[in-house]
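Inspection log for the structure reproduced underneath, given as C-alpha cells.
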Amino acid sequence: MSIPTRVLGRTGRAVSLLGLGGAAALGSPGGVENDARAVEIAQRAFDLGVTYVDTAPLYGRGDSERRIGAALRDRPDADRILIATKVGYVPDDYDYSFDATIASVEASRQRLGLDAIPLVQIHEIRSEIRDVAMGPHGALTALTRLRDEGKIRWIGVTGSALPELTRAIETGAFDVALVWRHFNLLDRSGASVLSTAEALGLGMIIGTVYASGILARGSRDPASRHFYDDVPAEIHQRVEAIERACATWNVSLAAAALQFATRVPSVSSVIVGADEPDQVDANVRALNETIPDRFWEEIADA
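Numbered by my numbering, the letters in the sequence shown go through residues 93 to 394 in order.
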C-alpha cells in the first residue's frame, strides 16, 4: 500500500494525499495510556507515508500538539512531515486578537518542539470573529509578522461557514484553506469553495469525509453518529442508498467516502483521524481500494 502525494497549492510543498487528523485519539483526555496510544498512532501514520498532520490547541487542550511533538522527536524523517496547527479557537474561549495569536503560536511551538511551524491557520472563520481576526490588530496581522520572523512558514484558514471561508480565501492573504462538514458524500456544497481556492492557487484540505462516523461505520452500526449527534432519518436513508450502490459494485463505504474527496484533483490532502494504529492502516487501504467509474455515476445524485 502506498500514499500518493500532491502539491499543497502555491506553497509548492508536496504532502500526502491522506493526512492525519489530530482531534480523535490524538486529542483524547490526558493520561499515560492515552499518550502512548496517540504517539503510536502518529508514528504508524508516519511510517506508512503520511506527511500532513492537522492539529490545534483546542484538541485535548494542547495534548494533541504535545503528542505529535513526541511522535516527531528523534525521527530522522521529521523534516518531511508538515504540521498544520491553528489559532483563535481555544479551550473555553475564542481569542483572535494579535497578542493572543502571538502567545498561541509560541505555546504551540513549545508543545510541538518546532523552531518554526510549517502552517498555522485561523481556526473556524465566521462572521462573528471576522473583523477581529482579519483586522489590523488581529490574528492575520500577527501571523504575517510571525511568518516574516521565520516562526511560521505559511498561513491558512479553516471553516464550515462557506460564505465566510470563501470571503477569506478571496482576500488573497492565505496559502491554504481547510473546509469541513460540507464536502462529503452527504453534503457537496463545499465544491464552490474548492473552485475558488483552486483559481487563486491555494492548497485545499478536506476534513470530516466520514461525517464524524456514519460514512465509516455505516447505517447499521448503532454507534454511528452524524457530526457528533444522532443520525437524522433522512441522512440514514441516504446512507442506505449509498450502501446499496457499494454492495452492487463491491466497494467499501469507507473507501467511497474517502475517495469522493481524493478523486478531486484540486484537493491536496484529506485528513482522517484514528482511534487505534490499525485504523491508520485501514484508512490507507480505503485510499488504495479500486472503485469503478460506474459506481460514481450511480451515486452522483445520492
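All C-beta atoms, glycine included, are put in the ideal place defined by N, C-alpha and C.
At a threshold of 7 angstroms, does residue 232 count as lining the ligand FMN (C-beta to nearest heavy atom)?
In terms of ligand content, the structure shown is empty, and the ligand FMN therefore cannot be addressed.
Applying the 10 Å Cβ sphere with the 16-neighbour rule, what's the burial state of residue 236?
exposed
Continuous beta strand (DSSP E) stretch holding residue 174: start and end
174-179
Tell me whether the beta-carbon of residue 330 lies closer than 8 angstroms to the beta-carbon of residue 392.
no
Supposed close pair residue 294, residue 101 - CB separation, criterion 8 angstroms:
Yes, residue 294 and residue 101 are in contact; Cβ-Cβ is about 5 angstroms, under 8 angstroms.
Excluding sequence positions up to five away, which residues of its chain have a Cβ less than 6 angstroms from the Cβ of residue 178?
148, 213 and 215
Quick check: residue 307 and residue 345, are their CB atoms within less than 8 angstroms of each other?
yes
Close-in-space but distant-in-sequence residues of the same chain around residue 359 (CB under 6 angstroms, 5 per side omitted):
296, 298 and 353
Is the segment 224-232 touching the segment 183-194, taking contact as three or more C-beta pairs under 8 angstroms?
Three or more beta-carbon pairs drawn from the segment 224-232 and the segment 183-194 are found closer than 8 angstroms, and the two stretches are therefore classed as touching.
Cα separation between residue 241 and residue 267?
17 angstroms
Count the other CB atoms within 10 Å of the CB of residue 229; is the residue buried (16 or more) or exposed (fewer)?
exposed
Residues near residue 162 in its chain [Cβ-Cβ closer than 7 angstroms; skip 5 each side]:
131, listed in sequence order.
Between the CA atoms of residue 96 and residue 376 - distance to the nearest angstrom
10 angstroms
Is it buried or exposed for residue 342, if we count other Cβ within 10 angstroms and need 16 for buried?
exposed
Under three-state DSSP, which class holds residue 278?
coil
Where does the unbroken beta strand (DSSP E) through residue 369 begin, and where does it stop?
It is not in any beta strand (DSSP E) - residue 369 instead sits in the alpha helix (DSSP H) that spans 369-380.
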